[in-house]
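To keep things clear, I will list the structure first and then write my remarks on it.
2 protein chains.
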Amino acid sequence: MWIEKFSPTSYRSIFKWGNPRAFHHPDDRLLSFIKEAFGVTENDLENLRLTGTDEVKLTKKPKLSDTDTKKIIAVVGKENVDVSGYERARHAVGCTYLDAMRLRMGEIAHPPDLVVYPRNEADVVKLVDYCAKKKIPVTPFAGRSSVTFGVEPINGGISLDLTRHMNKVLEIDETSFTVKVQPGMFGPAFEKVLNEYRSDRIGSGFTCGHFPQSFEYSCVGGWVMTRGAGGQSTGYGKIEHMVICMRVVTPKGVIETKKFPADAIGPDIDQILMGSEGAYGVMTECTMKIWPYRPENRKMFSWFFKDWDEGLAAMREIMQGEFGFPSMLRLSDAEETDIAMKLQGMEGSAADKLLSLLGYKPGRRVLLLGSTEGDKDHGKLIVRKARKIARGHSGFPLGAIAVKGYWKRRYNDPYMREDLMDIGIISDTLETACSWDNIKHVWADVRKVIKKRPRTVLMVHASHAYPTGANLYFIFLSPVKRGKEIEDYTQFQHAIIDAIVKAGGSLSHHHGIGKLFAPWYEAHVGPVAFGMLKAIKEYLDPGYILNPGGTLGLDAKKSKK
Amino acid sequence: MWIEKFSPTSYRSIFKWGNPRAFHHPDDRLLSFIKEAFGVTENDLENLRLTGTDEVKLTKKPKLSDTDTKKIIAVVGKENVDVSGYERARHAVGCTYLDAMRLRMGEIAHPPDLVVYPRNEADVVKLVDYCAKKKIPVTPFAGRSSVTFGVEPINGGISLDLTRHMNKVLEIDETSFTVKVQPGMFGPAFEKVLNEYRSDRIGSGFTCGHFPQSFEYSCVGGWVMTRGAGGQSTGYGKIEHMVICMRVVTPKGVIETKKFPADAIGPDIDQILMGSEGAYGVMTECTMKIWPYRPENRKMFSWFFKDWDEGLAAMREIMQGEFGFPSMLRLSDAEETDIAMKLQGMEGSAADKLLSLLGYKPGRRVLLLGSTEGDKDHGKLIVRKARKIARGHSGFPLGAIAVKGYWKRRYNDPYMREDLMDIGIISDTLETACSWDNIKHVWADVRKVIKKRPRTVLMVHASHAYPTGANLYFIFLSPVKRGKEIEDYTQFQHAIIDAIVKAGGSLSHHHGIGKLFAPWYEAHVGPVAFGMLKAIKEYLDPGYILNPGGTLGLDAKKSKK
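Each protein sequence line maps, in turn, to chains A and B.
For any residue, its number in our numbering is found by taking its place in the first sequence, counting from 1, and adding 6.
For any residue, its number in our numbering is found by taking its place in the second sequence, counting from 1, and adding 6.
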C-alpha cells in the first residue's frame, strides 16, 4: 500500500525527505500503533491522499529580464544556469512539514527565477555585485534540509546553489587539527574525505564531529550559517563551537576572518555571521576544527530511570561532573520511551515485565542513551563515572544494545514522514533549549499545549546537553484536519511555538530562525538587539537582496505576530 | 634603596600596579641579574629617577557645565560624584607601562570631568540617556587594570565607576551552575562569595574559574567586555566561553540576552557585546558558568624538554589527545626557562648540572608547567596521559614543585615593574595567539625583532592552549633611553606589534584592543568587518558618547597607521 515508485520529476520527488530513492516504510508494529493511536482504518491505508505524485507544473514565469539573465550566464556559463520548471520548483522549498504539504497540494509559491551554480568565490562575488546593483534577490542554497523556510526565495531572483562546484575540502591542516571546506559539500562526502585522509602523526584520519539527523542531505554551509548541532554535539560542540574562521561574500565586499584558536580582538565576527542564515552574505569557505577518527574507541551505554526527574538529574550530573563529556547523551521522556519499547517489540516481553516488577513502570520510566568518542581510557572513565551517577538515581543498566539500535536508525527514521503524511498524519518537530533550572517547566508547559490536541502522540527527548542546561526536542504526530491541512497544522504549530517562548525556552536550539520563526524573533531577542542586527543588515546589504522576504525578520515590513 | 613609602595622593599611588600598599621588590638574585643584563650600576640604584612620588596636581579644570553636573548629581546623589583632582587623575589611566611612565612624568593627559558611581542599573540608564542627549562622553570604569588605554577618557566627560555599588553577586543557580554578578565586583570578592557558598547538592562551594594575572585588581566587567583569559583558561575556557547572558545599557536602550545553554537564534548577541570594550554599552549584569570548588583535587606536574620544538609538540599533543584538558599548561621558551632557573637559585646547582649532563642544556631546554582541576580521577588520567606524551618528546619530569613556586608568584611578579622603572628599565608585555602550524614562525619572527634591541631580555611563554593553537606571551625588559622614555618605548612597542601582525598572529589573545592597538585594528579585521562594527556603533551610540576617543578605532577620524 505504500508508494514505492514515483516520477523523478513529480512533486513527491522533491518533498521526499532526503533521497527520493530511499524508501523507509513503517513496519507492522508501527502500523498497528498508528491504527490504534490515530484511528487510521484499512480504508485510509488504501486511499492515500495528497501524495504529490503529479508532475511538477510551474506556471510562474521567470521574472528576470533577458539582459539580467544574459549577464548572469556571462558570469558562470550557460551550463551553470538552470531555468527549468523542475529545478526552479526544487529550489523553492525546504524540508519542513509545511513545505511537503504545499508540494502535495501542487503549490510552488515562491520559485526562484533562475537557479545558478557558481564555480568559485570569484563567481559569487560577481553575482552578488551584479544582483546588488540590479536589486535582484539572491538566496544561498545548499542541502535544502532547512525546516524554517530558510531557502525559500520569497521574492524570486536567483537561487545560488553551491552544491555543484563549491563542494570540496580545500585543505587539511593536521598540525592544527583544522579543515578548510567549501559550503556546498554534503555531510557524507565531507566526512569521507576526512576519514580517508592518512596522517602519519596521529595514525588515522579525521572526523568532522558533526552528525545532524539531516547529515546525509545537508551541507557545511547550512550547518554553519544556521548554527546547527549534530547528534554528538554534547562531546564535539555545536557547529559554532567548531568554526575557526571563514570567508563570506557580501554586497559590501568579502569578509575574511583568521585562523586564530582564540582572540580578544573586538566583537566576534564569525559569531555575527553564523546565524545570519544567508541574510548577511554568502559563505564561500569555512575552516573548522577536526578530531582524530577512531570509531574503534566508541563506547555506548544506556540506562533506564524510574522517571523523567531522575533521568534529568542523572544527565545533568554527568554534564556537571567535570570528568569530560560523553559525545552523546539522549534522554527520552516516558511517552517516547514507551513508544520506542513498543516499536522495538519489547512491550509485554519478559524484559518489560522484569522492569515493571523492579519499579520501572510504563508511563513513567525513561531511557538515557549515551556514547563516548576520543581517547579510549577517557571513554572508559566517562562510562564509569556516568554509571556511578546513574546508580544514584535508580538507574537500571541496559548496556550498548539500545544505543546500537538507535545508531542504526538515527538518520533513517525521519524518512517515514512521507508515508505518514500519505495517510493524513502530521509528523513534525519543534525544539528549544533551556537551563537546567527551567527544563522541567518548559517540558511540562509545552507538553500540555501539544497534548491538548486530541489523538496526538508526543515524543520528547533532550539530546544535546551542557553543564548549564540542555535542549528539548518535541516530535509530534497527529491526524490532520482533512481539507484544512495548512491552516490546521499552522495553528497547532504556532500554539506550540508560543508555549515554548512563554515557558522561557529558546526559539531554537539548532534548527535556526529562517522565515518560519521570524515573526517571534524580534520579541525574543528584544528590540535593541534586533535593531542592531538590522543595522548590520543595512550596512552589509543595503539593497536587501540577500535571502530576502523575512529571514530573521530583518526585512519584514511588519511582523506577523 | 627601593621606595617603601609614598603619599597616598601621589602619582606613584596611582601607577603602583595593583595595590600601593603591596611592596614586592627584586631579591638579591634578580638584582644581580639586572646589573649584569642591563649594565645597571650602584649609582643607578641610588639615584632613582621619575619615581612619581610628587603629589598629584591636576591643572585641567572639569569642563562640564554646572547644569550638567547638577543633573548628574540629581541622578546618583552628591555622595556618588567625585570631582577631586586625585580621583579624576586615578580614573584617567590604566596600568600599562606607558600609563605608568606618563604618571611618573606628572602627565594626566585626559582626566574625566567627573567621576560618577552609579548605584544600580536605573542610575546607569538615566546617566547614559542624559549624556547621550547632551553628548557628554561616558567611559565605563571598574578595575582599571587595562593595558590598552581602555579606561582613559580621551574626551573627558564622566568616568562611570562601577566598583563602589555595582559589585555584588545577585544570584547563584546551583542547579544550572551559573552565577549572576555585577560588573564592578573584583576578582577576589567574587571568588570568595562563590567559594563560601554551600551547596548541599554538590557538597562544596563554587569557583569562577577565571584567574588572570590581574585577578586581585580586575573586575568582572572588564574581564567580559575585553575578552580576558585567566591562567587556567586551558581548562575553564576564556571569559567569552563562560558567559551565558548579560544586560547592557546603551543609548538606544537596554539589551538583555537570555540564560540558554546554547541556541540557534541568529547572530550571537553576547559575542557582539563582548569585545566592545565599553564602546557599545555599559554592562550592568552578567550570568556566567561556575564550577564546583574542589582545590583538594588539583594536581600539578611539570616537565623539562630538550628544546622549544619538543615542548611545543608535547603541549599540542596533550591538547589534541581527546582525554580532556589540563586547567593550565604553560610552556616557557629557553630564555624564560634559563632566567627562571637563575632567579630560583638553580643555576649551577647539582640539579642544573645533572640536567645538562642528560642533554637538557641551558639556552635550549624549556619548562612546561601544568595543573588539573575538577574530578580527581579525571585529573589523574590527564596527568598519566600527559606523562606518556612528554616522555615521547624527551620530557624530564619535575613533579609539582616547579608549579607550586609559580602558583605562589603568579599574581605578585608583575608588581616588581615599578622598581624596575625606578631604575630606568622597561618592563612590559605583548601577546598574541596563533594556530599550531604558525606558532614557531610567530615566535621566531617576533623574537628577532625584540632581540634586535641591545641589552634586551625576552621571556616568552605559551600559557593558554587549545587543540588548534595557543597564545604567545612576550615579556621584555630593556633599559629605556633616558630623557626619551615615551618615544623610545613607543617606537619599540610599535615595532613588536608590527612584527606580531606581520607574522600572522592575532592582535591580541586576551588583553583586548582598547585605544592602544586601535591603529592596527581596521587592517587586522579587514575593512568590511570593521565597517560592520562601526555600523553597530552608529546604531547603538549615534552620538559616539561611549568610551570615545579611539576604542577599537570606531570613532577615529583617521587611523594613525
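In this text, a Cβ means the ideal position worked out from N, Cα and C, and glycines have one as well.
None of the values given here were measured: they were computed from a predicted structure.
- When the beta-carbon positions are compared, S514 (chain B) and A270 (chain A) come within less than 8 Å of each other.
- Interface criterion met: the Cβ of S514 (chain A) is under 8 Å from a Cβ in chain B.
- Within the DSSP secondary-structure output, R253 (chain B) pairs in a beta bridge with B:E262 and B:E291.
- For T343 (chain B), the uninterrupted alpha helix (DSSP H) run begins and ends at A340 to L349, by DSSP.
- Only V260, I261, E262, T263, K264, K265, F266, P267, A268, D269, A270 and I271 from the region 260-271 of chain B bring a Cβ to less than 9 Å from some Cβ of chain A.
- In this structure, DSSP gives P533 (chain A) a helical state, which the three-state scheme calls helix.
- In the structure shown, the three-state DSSP call for F21 (chain A) is helix.
- In this chain, M306 (chain A) is not harboured by any alpha helix (DSSP H); it is covered by the beta strand (DSSP E) spanning K305 to F311.
- V463 (chain A) has its alpha-carbon roughly 44 Å from the corresponding atom of P273 (chain A).
- Across the structure, T75 (chain B) and S165 (chain B) are spaced so that their CA atoms are roughly 13 Å apart.
- Taking the CA atoms as reference points, K258 (chain A) sits about 10 Å from Y286 (chain A).
- Cβ neighbours of R370 (chain B) within its own chain (closer than 6 Å, five residues either side excluded): D313 and A340.
- Taking 8 Å as the cut-off, the beta carbon of F329 (chain A) is found closer than this to the beta carbon of I388 (chain A).
- Chain order gives the chain B residues near G532 (chain A) as I261 and E262, where near means a beta carbon separation below 7 Å.
- Within chain B, the residues G272 and P273 have their CB atoms less than 8 Å from the CB of S282 (chain A), given in chain order.
- In this structure, F183 (chain B) sits away from T240 (chain B), with a CB-CB distance that is not shorter than 8 Å.
- Taking one beta carbon from each stretch, the region 430-439 of chain A and the region 13-24 of chain A have fewer than 3 pairs nearer than 8 Å; the two do not touch.
- Shown here, E10 (chain A) sits in coil according to DSSP, grouped into three states, outside any helix or strand.
- Contact annotation, G317 (chain A) with V230 (chain A): C-beta distance approximately 32 Å; criterion of less than 8 Å not satisfied.
- In the DSSP assignment, A471 (chain A) forms a beta bridge with A:A476.
- In the DSSP annotation of this structure, the continuous segment of the beta strand (DSSP E) that includes K186 (chain B) starts and ends at T184 to V187.
- Judged by their CB atoms, T145 (chain B) and P159 (chain B) are nearer to each other than the 8 Å cut-off.
- Considering only A:K386, A:T378, A:D344 and A:S377, the residue with the shortest C-alpha distance to Y366 (chain A) is A:D344.
- Contact annotation for P473 (chain A) against chain B: F183 and K295 [CB-CB distance below 7 Å, chain order].
- Between the region 414-422 of chain B and the region 204-222 of chain B there are three or more C-beta pairs closer than 8 Å, enough to call the two in contact.
- Counting along the chain, the unbroken beta strand (DSSP E) around G376 (chain B) starts and ends at V372 to T378.
- According to the DSSP assignment, S282 (chain A) belongs to no alpha helix (DSSP H), since it is labelled neither H nor E.
- Straight through space, the alpha carbons of V130 (chain A) and H516 (chain B) are spaced by roughly 35 Å.
- Close CB contacts of E93 (chain A) within its chain, under the 8 Å cut and outside five residues either way in sequence, are with V121 (chain order).
- Taking 8 Å as the cut-off, the beta carbon of V466 (chain A) is found no closer than this to the beta carbon of I432 (chain A).
- Below the 8 Å Cβ cutoff, chain B contributes P267 as neighbours of A476 (chain A), in chain order.
- Taking 8 Å as the threshold, the shortest C-beta distance from W442 (chain A) to chain B falls below it.
- Proximity of R233 (chain A) to chain B, defined by a Cβ-Cβ separation below 8 Å, is satisfied.
- C137 (chain B) carries a helical assignment under DSSP once its states are collapsed to helix, strand and coil.
- A residue is called buried when at least 16 other Cβ atoms come within 10 angstroms of its Cβ; N553 (chain B) meets this threshold and is buried.
- Against E493 (chain B), chain A offers no close residue; the least beta-carbon distance is about 27 Å (beta-carbon pairs closer than 7 Å).
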